[in-house]
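The next block holds one structure in the form of structure tokens; read it before the comments.
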Amino acid sequence: MERHNWTGISIDPLSKYNKEWLQLRKQPFVNLAIGEIDTALQFVEFSGNESWCDMMSGFKQYVRPEDLITFSSIEYKVQVKTLDKVIPFNVFDVLLIDVEGAEMQVLKGLDLSKHRPMYVLLENANFIGGDNKLRRYMYRKGYKLIARIGCTDDIFERVNES
């Protein structure tokens, strides 16, 4: 996307991505967790033989007990900030949220009347077919569901300025 003049930031609590991001990307990387309020929370980082294992990492309260038994993990505290405090600009086109079950907490830490992305791609995989609570929340914030990607992600488009 950077080849097409994309600008933005990437935010991830996994510090192992910081060095790689700096080597491969021009845009800023913020090593931080995002949530509803500024705090510190227990975080579980998964690892294993498969390259995708770390993608299951997340706040301890959202980690499935069976994953703790099945995969290697370490646990540590991470600093959590709201998106309102981290995003350095008000106007942007796309917001992508993939936080392993904590999507609502991230959304509640973002003032969508101030930050009005045209599109929001939201992981919505806690329930088969997606969680309608997340969809209703986005609808109340002025967004409509326009697509579902596979069985995990919803795409919303802004429909009004309220």
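Quick note on the working numbering: the sequence shown kicks off at 14 and runs consecutively. Note that beta-carbon positions come from the ideal geometry of N, C-alpha and C, so glycine has one too. In this text, all values refer to a predicted model and were calculated from it rather than measured experimentally.
Check                                                                                                : Outcome
Residue span of the alpha helix (DSSP H) that contains E58, given as start and end                   : Premise fails: E58 lies in the beta strand (DSSP E), 52–60, not in any alpha helix (DSSP H).
For F42: DSSP bridge partner residues                                                                : S23
Of the listed residues G71, F105, M151, V91, nearest to A115 (C-alpha basis)                         : G71
Beta strand (DSSP E) runs wholly inside the stretch 62–132, at least 3 long, in chain order          : 85–94, 107–110
Residues near V93 in its chain [Cβ-Cβ closer than 8 angstroms; skip 5 each side]                     : L45, A46, I47, G48, I50, D51, T52, A53, L54
Given 8 angstroms, three or more beta-carbon pairs between the stretch 80–99 and the stretch 116–128 : yes
Where E33 falls: helix, strand or coil (DSSP)                                                        : helix
Which listed residue (R77, P78, D111, G21) has its alpha carbon closest to that of R38               : G21
Beta strand (DSSP E) segment containing K157, residue limits                                         : 156–162
Start-to-end residues for the alpha helix (DSSP H) that takes in R149                                : 145–153
Cutoff 6 angstroms; reference N173; Cβ partners in own chain excluding five residues on either side  : G155
C-beta contact flag for K157 and F169 at 8 angstroms                                                 : yes
Proximity of Y132 and D106 at Cβ, strictly below 8 angstroms                                         : yes
Check whether Q40 and S23 have beta carbons under 8 angstroms apart                                  : yes
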